[in-house]
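Participant: Numbering-wise (the UniProt record's numbering), the sequence shown opens with residue 1 and increments by one.
There's a structure below that I have some questions on.
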Amino acid sequence: MPRPPSSTTPTFSISALDAVNPEGDTGTTLFTFTVTRTSSKGGARVNYSVTGAQADDFSGSFFPSGTIFFRNGETSINLTIPVSGDMLAELDESFAVTLSNPVGGTALRLARYKTTTSPSNVSASSPSALQ
Numbered sequence: 001m002p003r004p005p006s007s008t009t010p011t012f013s014i015s016a017l018d019a020v021n022p023e024g025d026t027g028t029t030l031f032t033f034t035v036t037r038t039s040s041k042g043g044a045r046v047n048y049s050v051t052g053a054q055a056d057d058f059s060g061s062f063f064p065s066g067t068i069f070f071r072n073g074e075t076s077i078n079l080t081i082p083v084s085g086d087m088l089a090e091l092d093e094s095f096a097v098t099l100s101n102p103v104g105g106t107a108l109r110l111a112r113y114k115t116t117t118s119p120s121n122v123s124a125s126s127p128s129a130l131q
């Protein structure tokens with residue numbers, strides 16, 4: 001079982017910048033998150049993945065995922081998740097952006113952020129730490 005990070009171990013976190021947006025009936029709505037690390041020394045990277053909702057709610061009908069690369073000196077990077085609008089009558093949906101597999105001497109803190117979508121609005125909930 002991994003040990004929790006010490007108070008001096010650099011960490012990654014994620015927060016929503018503009019996750020309160022309407023999904024829309026057509027086109028694409030962008031949801032922006034900021035991924036932050038507590039140290040600017042050296043390069044680092046962390047993977048992200050989106051889960052929840054349905055794959056066809058996202059551009060290309062795939063759940064977005066990838067790797068965020070930090071250059072030496074960078075402490076924050078914006079991550080944009082495109083959500084596709086539709087004309088379906090639906091209840092609120094939600095998706096989570098999860099950080100994983102940090103590289104560069106870092107540990108994860110607030111590793112998941114959940115956003116709720118509906119045809120008329122979107123609201124962000126508090127981030128939760130992964131155990």
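All C-beta atoms in this analysis are idealised placements derived from N, C-alpha and C, irrespective of residue type, glycine included.
As the structure is a prediction and not an experimental result, all values here were calculated from the model.
Could you tell me which residues DSSP puts in a beta bridge with residue 37?
Facilitator: Numbered from 1 along the sequence shown, position 37 holds the residue referred to as residue 37. Its beta-bridge partners are 12.
Participant: Leaving out five residues before and five after residue 38 in sequence, what residues of the same chain have Cβ atoms less than 7 Å from its Cβ?
Facilitator: Sequence index remark: in the sequence shown, residue 38 carries index 38 (1-based). Only 10 and 11 meet the Cβ criterion.
Participant: If you reduce the DSSP assignment to three classes, tell me which class residue 60 lands in.
Facilitator: Taking the sequence shown and counting its residues from 1, one reaches residue 60 at position 60. In this structure, residue 60 counts as helix in the three-state DSSP scheme.
Participant: Expressed to the nearest angstrom, what Euclidean distance is found between the alpha-carbon atoms of residue 51 and residue 98?
Facilitator: For this step, residue 51 is matched to residue 51 along the sequence shown. For this step, residue 98 is matched to residue 98 along the sequence shown. So the two alpha carbons sit approximately 8 Å from each other.
Participant: For residue 126, I'd like the list of residues in its chain whose CB is within less than 6 Å of its CB, leaving aside the five on either flank, ordered along the chain.
Facilitator: By 1-based counting over the sequence shown, the position of residue 126 is 126. Confidence at residue 126 is low in this model, with a pLDDT of 46, below 50, so the placement of that residue is unreliable and no value is reported for it.
Participant: Can you pull the DSSP bridge partners for residue 52?
Facilitator: The residue given as residue 52 occupies position 52 in the sequence shown. According to DSSP, which records beta bridges pairwise, residue 52 is partnered with 95.
Participant: Do residue 43 and residue 104 come within 8 Å of each other at the CB atom, strictly closer than that value?
Facilitator: Locating residue 104 in the sequence shown gives position 104, where the first residue counts as 1. Locating residue 43 in the sequence shown gives position 43, where the first residue counts as 1. Yes; because the gap between Cβ atoms is below 8 Å, this pair is in contact.
Participant: Taking only the alpha-carbon atoms, compute the straight-line gap between residue 55 and residue 35 and give it to the nearest angstrom.
Facilitator: Along the sequence shown, read from residue 1 onward, the residue named residue 55 stands at position 55. Along the sequence shown, read from residue 1 onward, the residue named residue 35 stands at position 35. Going by the C-alpha atoms only, they are around 23 Å apart.
Participant: What is the DSSP secondary structure of residue 72, counted as helix, strand or coil?
Facilitator: Residue 72 sits at position 72 when you count from the first residue of the sequence shown. Residue 72: coil per DSSP, three-state reduction.
Participant: May I have the straight-line CA-CA distance separating residue 26 from residue 82, to the nearest angstrom?
Facilitator: The residue given as residue 26 occupies position 26 in the sequence shown. The residue given as residue 82 occupies position 82 in the sequence shown. Their backbone Cα atoms lie some 12 Å apart in a straight line.
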